[in-house]
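Residue numbers (UniProt numbering): 1 to 309.
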């Protein structure tokens, strides 16, 4: 080769190497642009190489709720059983959650805030989530202590758990003592626990701290009935950082765009035409999911930390 430069064809890269590269692209680029480049790239994004970690949280905030379930099914199917992480908001129904659980044998991180799943389906499929170590069930208002108990009994490797609620919904929530008891009695290996804006009291928090001996971080912001004496914390919880109940964060609003009415979901043309619409000029009344979203931390997963949003 002239000048001693050895040029190689990108199409000759191994599929797993291509998948690693494509993981840095947006969801839209991965599904609509990459497959059109060449046959090998199309095969790479059609297989499991790009979909061991499915993070479509930002996309789901501004998408038609009907599209979220379809997209999740598509990507989970492509993962081919190698799925390790799922992060998505707004799963519509129990059937989609059951489908996800059927493909979760390698799943480690499950973050599904603002989903409409129910206690009955969680109890049915929780045993399939036994490998999960980090879980986020924030703002999921249709589940209760029944679900938390089922998860705690099945997911013995669980070390991180989010169950934040929204302050706007606080007045409609009943006391969640049973949820706190479920966490304390079934999730003893927890290291990181977030319970912001839950209707719990001091006794609930003491129970959790007493039973979860490995706990390192506890978020109780907005839990106004929790009153922990500093002397008690210094004597009984030397290794735990407790945040709250005083609130110092700010709210983030997630607006949604208009949606495509196309009946075709999986073909590339319909993906281009409507699924990625991100117009911020729509009227508020046309937006779905206009409730304020309170997001506390980034990096919740295998490398979870206390990074502020």
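Just so you know, even glycine gets a beta-carbon here, dropped at the ideal spot from N, CA and C.
Name, in chain order, the residues that DSSP records as bridge partners for residue 86.
54 and 110
Do you know offhand how far residue 192's Cα is from residue 135's?
A straight-line Cα-Cα distance of about 10 Å links residue 192 and residue 135.
To which residues of the same chain is residue 366 closer than 6 Å at the C-beta, ignoring the five residues directly before and after it?
Since the displayed the chain opens at 1 and closes at 309, residue 366 lies outside it and no answer follows.
Closer than 8 Å by C-beta to residue 130: which residues in its own chain qualify, once you throw out the five before and the five after it? Chain order, please.
154, 155, 156 and 157
With DSSP run on the structure shown, which of helix, strand or coil describes residue 135?
strand
From the DSSP output, in three-state form, read off residue 216 for me.
coil
For residue 166, the three-state DSSP class (helix, strand or coil)
The DSSP-derived three-state label of residue 166 is coil.
Environment of residue 24 [buried if 16+ CB atoms lie within 10 Å]
exposed
Distance, residue 84 Cα to residue 109 Cα:
Going from the Cα of residue 109 to the Cα of residue 84 covers about 6 Å.
Own chain, CB closer than 7 Å to residue 117, minus 5 neighbours either side, in chain order:
Hits under 7 Å: 91, 94, 97, 140, 142 and 143.
Between residue 310 and residue 106, which are expected to be in contact by the criterion C-beta below 8 Å, what is the C-beta distance as a whole number of angstroms?
The question about residue 310 has no answer here: the residues shown for the chain are numbered 1 through 309.
In chain order, what residues of the same chain lie with their CB nearer than 8 Å to the CB of residue 127, ignoring the 5 residues before and after it?
154
Within 8 Å (strictly less), CB to CB, does residue 222 reach chain B?
Judged by its chain identifiers, the structure shown contains no chain B, having just a single protein chain.
Cutoff 7 Å; reference residue 75; Cβ partners in own chain excluding five residues on either side
51 and 54
Would you report the Cα separation of residue 63 and residue 219, rounded to the nearest angstrom?
30 Å
So, are the CB atoms of residue 201 and residue 242 less than 8 Å apart?
no
What did DSSP end up calling residue 81 once you bin it into helix, strand or coil?
coil
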